[in-house]
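Trainee: So that we are looking at the same thing, I have put the structure below in structure tokens.
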Amino acid sequence: METQVLTKIAKKVEKGEKAALVILENNCGSVPGKEGSLMGVFEDGSIVGTVGGGAIEFDIVQRTLKAMERNKNFKFDYSLTEDGELQMACGGQTSGFVKIFVPKNNLIIFGAGHCAQKLAKFALGCNFNVTIVDDREEFKNHPDFEGITEYIVGIPEDIVDKLKFDKNSTYIVIATRGHMHDYEATKAVIEKDYKYIGMLGSRKKAIELKEKLVNSGTDLDLVNKIYLPIGLDISNGSIEEIGISILGEILKVKNGLDGKSRKIEIENRD
């Protein structure tokens, strides 16, 4: 059963889904589950394996589903007495650990030009899965795309339903070869699930494109989710530094950080 639990968890994560492993670590006295028992918990609430069933297992599953939303591992400790939180009469105590497995973050780049090339290269170094969507096949074998998950030749509206989107692990960058292509790519994905969406462009373009989206019926809150102009304000304008500034902004969102300098200053002690 242990092998079955681990195998199913691995398969779920490989498919781009979250999964959790529950490990029953220590038992004392009379408890329903065996020490060392494993259980897999999945986003839809289904499980494989068991840590004893009943009220304790139900409570662990519910806590695990909430933890999966936050990507947070946690420890558990239950006193299985009538005075305990579950009001059980087993009389023992059990504790364990829940490990949340999150699939790799997926970066989808619409466009295969210079900025996309450098961004893809840098993102691969930060352990992102990278997918490129562009209607130009001639860029498919560019050296900076070596190691990407997929290069899809086509236009966004024809490709979008073949892509997987997730509110916690999908990051979208729109950097096509023209404003109209940018607009069409944005329309194709803006109502999907993602954690980040950004577009290459000037402040003038930002205003014009966002107004065009709103005028076409796109919800204003969705439009204002777009990081446009894209990237942190750290670039000198070179392709390489633009790529780094975009990835920096993506990492800031991914890690939930403010992006401020961590510099420490000390006082003069003379």
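Heads up: take any position in the sequence shown, counting from 1, add 1247, and you land on my numbering. We put the beta carbon where it would ideally sit given N, CA and C, even for glycine. For clarity, every value in this text was computed on a predicted model and none was experimentally measured.
Buried or exposed: which applies to residue 1309, given that a residue is buried once 16 or more other Cβ atoms fall within 10 Å of its Cβ?
Mentor: As a working mapping, residue 1309 is identified with position 62 in the sequence shown. Exposed, since its Cβ has fewer than 16 Cβ neighbours within 10 Å.
Trainee: Counting only runs of 3+ residues fully inside the stretch 1352-1392, write out the beta strand (DSSP E) ranges in chain order.
Mentor: 1353-1357, 1376-1381
Trainee: What does DSSP give as the partner residue(s) for residue 1446 in the beta ladder?
Mentor: Start at 1 with the first residue of the sequence shown, and residue 1446 comes out as number 199. Paired residues: 1421.
Trainee: Kindly list the residues whose CB is nearer than 6 Å to the CB of residue 1295, restricted to its own chain and excluding five residues on each side of it in sequence; keep chain order.
Mentor: Here residue 1295 refers to the residue found at position 48 of the sequence shown. Residues 1252, 1255, 1287 of the same chain have their beta carbon placed closer than 6 Å to that of residue 1295, with the five preceding and five following residues left out of the count.
Trainee: Identify the residues that DSSP records as bridge partners of residue 1252: which are they?
Mentor: As a first step, residue 1252 must be located in the sequence shown, where it is residue number 5. Its beta-bridge partners do not exist; DSSP assigns none.
Trainee: Helix, strand or coil: which one does DSSP assign to residue 1515?
Mentor: Looking up residue 1515 in the sequence shown gives position 268. Residue state, collapsed to three classes: coil.
Trainee: Could you give the distance in angstroms between the alpha-carbon of residue 1492 and the alpha-carbon of residue 1261?
Mentor: What you label residue 1492 is simply residue 245 of the sequence shown in a count that begins at 1. What you label residue 1261 is simply residue 14 of the sequence shown in a count that begins at 1. About 29 Å.
Trainee: DSSP three-state call for residue 1326: helix, strand or coil?
Mentor: As a working note, residue 1326 is residue 79 in the sequence shown. Reduced to three states, the DSSP call for residue 1326 is strand.
Trainee: Indicate the three-state DSSP secondary structure (helix, strand or coil) for residue 1287 in the structure shown.
Mentor: Start at 1 with the first residue of the sequence shown, and residue 1287 comes out as number 40. The three-state reading of DSSP puts residue 1287 in strand, counting E and B together.
Trainee: Taking only three categories from DSSP, how would you classify residue 1489?
Mentor: The count along the sequence shown starts at 1 and reaches residue 1489 at position 242. Residue state, collapsed to three classes: helix.
Trainee: Within the same chain, show all residues whose beta-carbon is closer than 6 Å to that of residue 1384, passing over the 5 residues directly before and after it, in chain order.
Mentor: Here residue 1384 refers to the residue found at position 137 when the sequence shown is read from its first residue. If you ignore the 5 residues before and after residue 1384, its C-beta comes within less than 6 Å of the C-beta of 1400, all in its own chain and listed in chain order.
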